Every structure is written in C-alpha cells, then in structure tokens.
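Trainee: Mind looking over this structure? Questions follow.
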Amino acid sequence: MGVNDLWQILEPIKQHIHLQELSGKTIAVDLSLWVCEAQTVKKMIGTVMKPHLRNLFFRISYLIQMNVKLVFVMEGEPPKLKADVMSKRTQTRYGPSGRTCSQKTGRSHFKSVLRECLEMLECLGIPWVQAAGEAEAMCAYLNASGHVDGCLTNDGDAFLYGAQTVYRNFTMNTKDPHVDCYTVSSIKGKLGLDRDALVGLAGVPGVGKEQALKLVRILKGQSLLQRFNQWIEEPFSSIPQPAAKKVAHCSVCSHPGSPKDHERNGCALCKSDRYCEPHDYEYRCPCEWHQTDHNRQLNEVENNIKKIVKPRIRNGVRCLEIEWEKPEHYAVEDSEAGELDLLTIEEASLFEAAYPEVVAIYQKQQLETQGKKQK
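The numbers in our numbering rise by one with no breaks, and the one at position 25 of the sequence shown is 9.
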C-alpha cells in the first residue's frame, strides 16, 4: 500500500531534528509502531519479559521530561482493500487453506500486547484514541485538524491521509537523540508534490520513482487523479496524433521564430514589438505543435508489450514480469541508458484483466514448452 520509494523521493527535504526541539509540541504516536520496534530489539529478546512495556515507559518518561505532550493512537480493523491483499498474501504463502488458526492466534496476541500498553497509558494519565481503521489515518486526521503538531509514524501513508508534519526514525541515542522530520510545505515547495500527487503516485503500481515524478512534472499542476479518470473514460484509439508541422523555435524565448526575427519584429507570444522574453528550461511553448506533442506524451499508453518474461511473487501477491519496448520520451538513469527495453512487475490479476490476449498467448506457450519437455 502507499507510494513506492516514498522516503527516497522525500530524502531531499528531510530535516534532522533534535528531540529537544519537540519541546512544547503535541505529537500523535502510532502505538503499533513502538510495540513492533520493541519486539525486534535483539538485546531485550529472552532477557526482558515485556519489552513493549519497558520501551513504552522509558520513551514516554524521556519525552515528558522534555515537555512533549503525547497522544497515542490504537489501530482498528484494516480497510477491506488492505484486508483482501493480506488474505491473498496468506493464501499465496500457505495455500488456500492457509494457516488461519495461527494467523488469528498471532493477531489476537498482538492485540493483547496493545491492550497491556493501553493499561499502562491509563495508569500514567497519557491520552489515547481508538482509530476506526489504520492508526496513521487517525494520526493524520488529528494533525490536519490542528489537534496535534505532528505524527510520529514510519508509515508514509500518513501524508496520503492529510498529515502536515511526519516524524520518523525516532531514537533516544545518548549521543544524538533525534527524529527525521518531513513537512507538507517542504514537499510542495521544494519537490512540487501535493497530497493529490502523492495519492496519484500510490495508485500507479509497477512504475519507478523517476517515471512517476516525470509524470507529475509533465502535468504541471494538473490533478493526477483527474488525469487517470480521463485515461479511463477516453478511448485510446480516439487520441489525436500531432498534425501540426514542427517549425524552428527561438533559442531565447522558446517560441516559434528566430532570435533575429524577434529582434526586428518582436514576438507575438511574448507580446513584444522588439526583442523577446527569456524563459527557464522547464518552460513549455504554447504553440500548436508543442501542445499536440505534449498531449501525445500524456495520453500515450505503452501497448507495445514485447512479452511476458516469467511469473513472480511480490509481497505475497501473484505478479508477472513484463518486457516492454521503451517509448522515446521515457527518462532513464545514466546506468540504464544502454538498455532498449523496459521491465516492470505487474499484479497478475490486473494485467490479465487489461491484456487477456497477451496472457492467453503466454499460457499457451508455457503449455507447449511443458509438452515438449515431457516428450
């Protein structure tokens, strides 16, 4: 769930915050996060009877001494969509019958651990709230509503739910007690990404962060979600191809014409009688050719599938590795510059629904290969 490689995308705006700087703030804490972190500390395994309570007590004591107010969030039932994905992962790993009993036992044990934490919070007089669904969603709501100053969670979905400030990688290390801080204002100001864009990126599985960010830059402030709806509603065969003839463009203002011609006669698009206005490298000329070419790039769907390479399992979900012919306008990293093809991992059920003929051909080829091996 969420945006792939989100924290790598947000790395440029990460702030290293000393815990002392949280003084006077009210923070919503994802309780499950702290419990899970305590259960993975190797030094406490086998030596501390209830590591989750020990970890919780000392963290609360430390932050209270720094005048940090805490509100803990207890997670509820996962959304149906997430529950379905978790069920698919279980079936893939353990078969159709699954390990239902052990799964339920493990889940109920985790809930009992959380209840013990809640009892401690009530004894300490620390407020907590019960989330209807995911804890990060409630943390985000409290932050967006102004009830708290930030969310302490490692789950980037908090931004998708509307959080304004997220703290992660909490540590009380004596040499450098700190958290990493991410704010929506920095994400929008420095990276040009808003909540709508992040939600849109979360809905594009199998696409690397470079291509996803390029899509956002191409759209230039347009709603990513609205654009997805247009792709669904518009038949791809009806998309117009560039009909305008490409003409020479001025190297100064990037408009049709030449620098000499604009110096003598001015530029209509710059609205000048003489000379023209320079633009930065991200400026897009509004001429007919550029508009039609821009629309072609936005609407182009990579139907140029070369082949299905092989079946894969990703996070417990059945997937397919697909090889595509790389469109000319795709951006690639320097290390990939020599590669002509593009490989992606697609969820099998979604790919089969979109390209049933391709899957049918692949399955037929697999059966023929197996038949030859048996002979």
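Virtual Cβ for every residue (Gly too), placed ideally from N, Cα, C. Just so you know, these numbers come straight off a predicted model, no measurement behind them.
Tell me which residues share the same chain as I(-3) and place their Cβ nearer than 7 angstroms to its Cβ, disregarding the 5 neighbours each side in the sequence.
Mentor: Around I(-3): Y166, S170, I171, K174 and L175.
Trainee: Please identify the residue among M33, Q4 and T328 whose C-alpha is closest to the C-alpha of K159.
Mentor: Cα-wise, what sits closest to K159 is Q4.
Trainee: What's the gap between the Cα of V97 and the Cα of A116?
Mentor: Near 19 angstroms, if we compare the C-alpha coordinates of A116 and V97.
Trainee: Within 10 angstroms of the Cβ of I48, are there 16 or more other Cβ atoms? Answer buried if so, exposed if not.
Mentor: Exposed, because fewer than 16 other Cβ atoms sit within 10 Å of the Cβ of I48.
Trainee: How is M50 classed by DSSP in three states: helix, strand or coil?
Mentor: Residue state, collapsed to three classes: coil.
Trainee: Three or more C-beta pairs under 8 angstroms: does that hold for the stretch 10 to 19 against the stretch 42 to 58?
Mentor: Output reads yes: the stretch 42 to 58 touches the stretch 10 to 19.
Trainee: Measuring CA to CA, which of F41, R298 and E247 is closest to P262?
Mentor: Of the listed residues, the one whose Cα sits closest to P262 is E247.
Trainee: Using three-state DSSP, classify H162 as helix, strand or coil.
Mentor: If DSSP states are grouped into helix, strand and coil, H162 belongs with the strands.
Trainee: Check whether the Cβ atoms of C251 and H233 lie closer than 8 angstroms to each other.
Mentor: Not a contact, by the Cβ cut-off of 8 angstroms.
Trainee: Could you check what DSSP says for Q148 in three-state terms: helix, strand or coil?
Mentor: Q148: coil per DSSP, three-state reduction.
Trainee: Can you look up H239 in the DSSP assignment and give me helix, strand or coil?
Mentor: Note: H239 maps to coil in three-state DSSP.
Trainee: Leaving out five residues before and five after D257 in sequence, what residues of the same chain have Cβ atoms less than 6 angstroms from its Cβ?
Mentor: Closer than 6 angstroms at Cβ, skipping near neighbours: G250.
Trainee: When you compare only the Cα positions, how much space is there between I292 and L334?
Mentor: Cα-Cα distance, rounded: 14 angstroms.
Trainee: L136 by DSSP, collapsed to three states: which one?
Mentor: L136: strand per DSSP, three-state reduction.
Trainee: Quick one: grab the DSSP three-state call for R258.
Mentor: Coil, per DSSP.
Trainee: Please name the residue in K290, E305 and T149 whose C-alpha comes closest to that of R296.
Mentor: The candidate whose alpha carbon is nearest that of R296 is E305.
Trainee: Taking buried to mean at least 16 other C-beta atoms within 10 Å of its own C-beta, is A321 buried or exposed?
Mentor: Only weak support exists for where A321 lies, its pLDDT of 49 falling under 50; the value from the coordinates is given anyway. It is exposed - the Cβ of A321 has fewer than 16 other Cβ atoms within 10 Å.
Trainee: Measuring alpha carbon to alpha carbon, tell me which residue in F154, A337 and M122 is nearest L6.
Mentor: Cα-wise, what sits closest to L6 is F154.
Trainee: Residue range of the beta strand (DSSP E) that C234 falls in?
Mentor: Per DSSP, C234 belongs to no beta strand (DSSP E) and is neither H nor E.
Trainee: Under the assumption that G146 contacts A128 (Cβ atoms under 8 angstroms), give the Cβ distance between them as a whole number of angstroms.
Mentor: The Cβ separation is near 4 angstroms, so the contact holds.
Trainee: With burial defined as no fewer than 16 other Cβ atoms inside 10 Å of the residue's Cβ, what is the status of C101: buried or exposed?
Mentor: So C101 counts as buried.
Trainee: Just the Cα atoms here: how many angstroms apart are M104 and N157?
Mentor: Those two C-alpha atoms are separated by around 24 angstroms.
Trainee: Would the beta-carbon of A181 be found less than 7 angstroms away from any heavy atom of the ligand NAD?
Mentor: Absent from the structure shown: the ligand NAD. Ligands present: none.
Trainee: Around the C-beta of G109, are 16 or more other C-beta atoms found within 10 angstroms, so that it is buried, or is it exposed?
Mentor: When all chains shown are included, G109 counts as exposed.
Trainee: Whole angstroms is fine: what's the gap from Q361's alpha carbon to G140's?
Mentor: Any answer about residue 361 is impossible in this case: the structure gives the chain only from -15 up to 359.
Trainee: Pull the bridge partners of R38 from the DSSP assignment, please.
Mentor: For R38, which the question treats as bridged, DSSP gives no partner whatsoever.
Trainee: With respect to the beta strand (DSSP E) encompassing E309, which residues constitute its N-terminal and C-terminal limits?
Mentor: Looking at the DSSP string, the run of the beta strand (DSSP E) that includes E309 is V301 to E309.
Trainee: Would you call H2 buried or exposed, if buried means 16 or more other Cβ atoms sit within 10 Å of its Cβ?
Mentor: Under this definition H2 is an exposed residue.
Trainee: Quick check on E331 - is its C-beta less than 8 angstroms from some C-beta in chain C?
Mentor: Absence of chain C from the displayed structure is noted, only one protein chain being present.
Trainee: Please classify F143 as buried or exposed, where buried requires at least 16 neighbouring CB atoms within 10 angstroms.
Mentor: F143 should be labelled buried.
Trainee: Classify E106 as buried or exposed, calling it buried when 16 or more other Cβ atoms lie within 10 Å of its own Cβ.
Mentor: Looking at its Cβ environment, which holds fewer than 16 other Cβ atoms inside 10 Å, E106 is exposed.
Trainee: Report back the beta-carbon spacing between I345 and R298 to the nearest angstrom; my notes put them in contact at under 8 angstroms.
Mentor: Contact doesn't hold; Cβ gap of about 23 angstroms is too wide.
Trainee: Skipping 5 residues on each side, what residues in its chain have a beta carbon closer than 6 angstroms to that of Q(-1)?
Mentor: Correct list, in chain order: C165.
Trainee: How far does the alpha helix (DSSP H) with P295 in it extend, from its first residue to its last?
Mentor: Careful: P295 lies outside any alpha helix (DSSP H), inside the beta strand (DSSP E) at I289 to R298.
Trainee: Identify the continuous beta strand (DSSP E) that holds T10 and give its terminal residues.
Mentor: Per DSSP, T10 belongs to the beta strand (DSSP E) from T10 to D14.
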